[in-house]
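J.: Numbering (the working numbering), first residue to last: 170 to 258.
Using N, Cα and C, we set each Cβ at its ideal position, and we do this for glycine too.
Structure provided below as structure tokens; questions to follow.
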């Protein structure tokens with residue numbers, strides 16, 4: 170699965186952000202334990218395969234308070250994902 174389709178990304182951005190924020194807060198957790206934590210908090214449902222994909226491709230920067238897409242190439246910087254508010258401006 171890839172997020173080349175912007176509609177797919179925006180449909181899932183809340184789930185991506187939730188999973189990546191939990192990973193940032195509790196870095197020792199894997200995708201399965203993150204799913205259990207989300208269920209425990211009665212948050213939105215995220216399948217394990219999607220959670221693994223999100224963690225492989227995105228991360229939450231606590232200092233910047235922003236979601237980033239991981240770069241595949243070493244010489245290319247990670248890209249910050251814009252918020253809906255920034256996109257509307």
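1) Quick one: Cα of residue 247 to Cα of residue 209, how far?
2) In chain order, what are the residue ranges of uninterrupted beta strand (DSSP E) at least 3 long that sit wholly in the region 210-234?
3) For residue 193, is the classification buried or exposed, using 16 other Cβ atoms within 10 angstroms of its Cβ as the cut-off for buried?
4) Quick check: the Cα distance between residue 227 and residue 200, rounded to an integer number of angstroms?
5) Any idea if residue 239 is buried or exposed, counting beta-carbon neighbours within 10 angstroms, 16 or more meaning buried?
T.: The short version:
1) Between residue 247 and residue 209, the C-alpha separation is close to 31 Å.
2) 227-230
3) exposed
4) 13 Å
5) Here residue 239 is exposed, its C-beta having fewer than 16 other C-beta atoms within 10 Å.
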